[in-house]
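What follows is one structure encoded as structure tokens, with my remarks underneath.
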Amino acid sequence: MYIKKFKTVTLVSVVAAMLGGCASTGTSNTTDGLIGGAALGALAGQAIGHDTKSTMIGAAIGTAAGGLIGYSLDQQANDIARSLGTGVNNDPLAYLDPNQDLIVSNNGRYVKIMFRDRMMFPTGSSRLTSSASYKVGKVGRILREYPQTIVQVAGFTDDRGGYDYNYRLSRSRAKTVSDRLYREGINNPSYVTGCSYNKPLVPNNSERNMALNRRVEIYLYPNNNVRVDPCR
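Going letter by letter, the sequence shown gives residues -23 to -1, 1 to 209 in mature numbering (1 follows the signal peptide of the UniProt record, and there is no 0).
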């Protein structure tokens, strides 16, 4: 009996660790999470129990865990998009559309919310406009429903001016957005990053392109294993 319980506990731990380090892709994150979780769970069960029963148990555990991860990402993205009066947009070309000031996307590993600079701050300032403060506050209120989500806020500028100046401005803007989120009473683990003019969406060779590159991005991660460096 003790050995069976030990195997089950070990199996749950292994599946959780494997899922934590992997991510689903595709059109339905919930479906992909179920499939990926089942596969990883089956592998873990076979490795630990070396029998069909362990494999089946592992697949069941993995399916449940993978489905929860996928559902959480889908649900967060949809909740946030609705609260901001938009939909989830996973088209990579949307970031190049100057008419798109706000984009909520879900790549299966994390949710990202992109705010264009022009709707967020006065020129050269890190003070949120009243409308931007209202929108960021809405995101914060949604995050109260997802206390385990890891939050990362990154700021980006164009390449006018020195790197250090733009780093300070980008980080100050990211910090302002992060502070606004936390004024809604969330307790999520968080990171704040200033990217200066690193990782431009397009070359900084025109006013139009510079406006596309000035932005703040909020990343929502299910765990630390999928966290990215937004500046690269």
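Ideal Cβ positions, reconstructed from N, Cα and C, are used throughout, including at glycine.
Are the CB atoms of Thr134 and Tyr72 nearer to each other than 8 Å? Position 157 of the sequence shown, counted from the first residue, corresponds to residue 134. Position 95 of the sequence shown, counted from the first residue, corresponds to residue 72. No, they are not a contact pair.
Taking the alpha-carbon positions, what's the Arg185 to Val203 distance? Sequence index remark: in the sequence shown, residue 185 carries index 208 (1-based). Sequence index remark: in the sequence shown, residue 203 carries index 226 (1-based). Rounded to whole angstroms, Arg185 to Val203 spans 32 Å at the Cα level.
Mind checking whether Phe92 and Arg160 have CB atoms under 8 Å apart? Start at 1 with the first residue of the sequence shown, and residue 92 comes out as number 115. Start at 1 with the first residue of the sequence shown, and residue 160 comes out as number 183. Cβ distance not < 8 Å, so Phe92 and Arg160 don't count as in contact.
Return helix, strand or coil for Tyr87, following the three-state DSSP convention. What you label residue 87 is simply residue 110 of the sequence shown in a count that begins at 1. Coil at Tyr87, not helix or strand.
Drop a sphere of 10 angstroms on the beta-carbon of Ser82, count the other beta-carbons inside from all chains shown, and report buried for 16 or more, exposed for fewer. As a position in the sequence shown, residue 82 is number 105, starting the count at 1. Ser82 is buried by the Cβ-count criterion.
With three or more beta-carbon pairs closer than 8 Å as the criterion, would you say the region 109 to 116 touches the region 138 to 152? no
Would you kindly report the start and end of the unbroken alpha helix (DSSP H) that includes Leu146? Position 169 of the sequence shown holds residue 146. Note, Leu146: alpha helix (DSSP H), Tyr140 to Tyr159.
Report the three-state DSSP secondary structure of Ile57 (helix, strand or coil). Here residue 57 corresponds to residue number 80 of the sequence shown, with the count starting at 1. Ile57: helix per DSSP, three-state reduction.
Residue(s) in a DSSP beta bridge with Glu194: Translated into positions along the sequence shown, residue 194 becomes position 217. Per DSSP, Met91 and Ala131.
Within 10 angstroms of its Cβ, does Pro166 collect 16 or more other Cβ (buried), or is it exposed? The residue you call residue 166 lines up with position 189 of the sequence shown. Classification for Pro166: exposed.
For Leu120, name the three-state secondary structure that DSSP assigns. Mapped onto the sequence shown, residue 120 falls at position 143. It is helical.
When the Cα of Gly101 is compared with those of Leu189, Ser183 and Ser149, which residue comes out closest? To locate residue 101, count along the sequence shown from 1; it is residue 124. The residue with the shortest Cα to Cα distance from Gly101 is Ser149.
CA-CA distance, Gly162 and Ile119? Residue 162 sits at position 185 when you count from the first residue of the sequence shown. Residue 119 sits at position 142 when you count from the first residue of the sequence shown. Their backbone Cα atoms lie some 11 Å apart in a straight line.
Reference Ala54, options Ser147, Gln77 and Val116, closest by Cα: In the sequence shown, counting from the first residue as 1, residue 54 sits at position 77. Residue Val116 is the option with its Cα nearest to Ala54.
Pick helix, strand or coil for Asp205, following the three-state DSSP scheme. What you label residue 205 is simply residue 228 of the sequence shown in a count that begins at 1. Note that residue 205 corresponds to Val in the displayed sequence, not to Asp. Val205: coil per DSSP, three-state reduction.
Sheet register partners of Val169 (DSSP bridge): Taking the first residue of the sequence shown as 1, we reach residue 169 at position 192. Partner(s): Val130.
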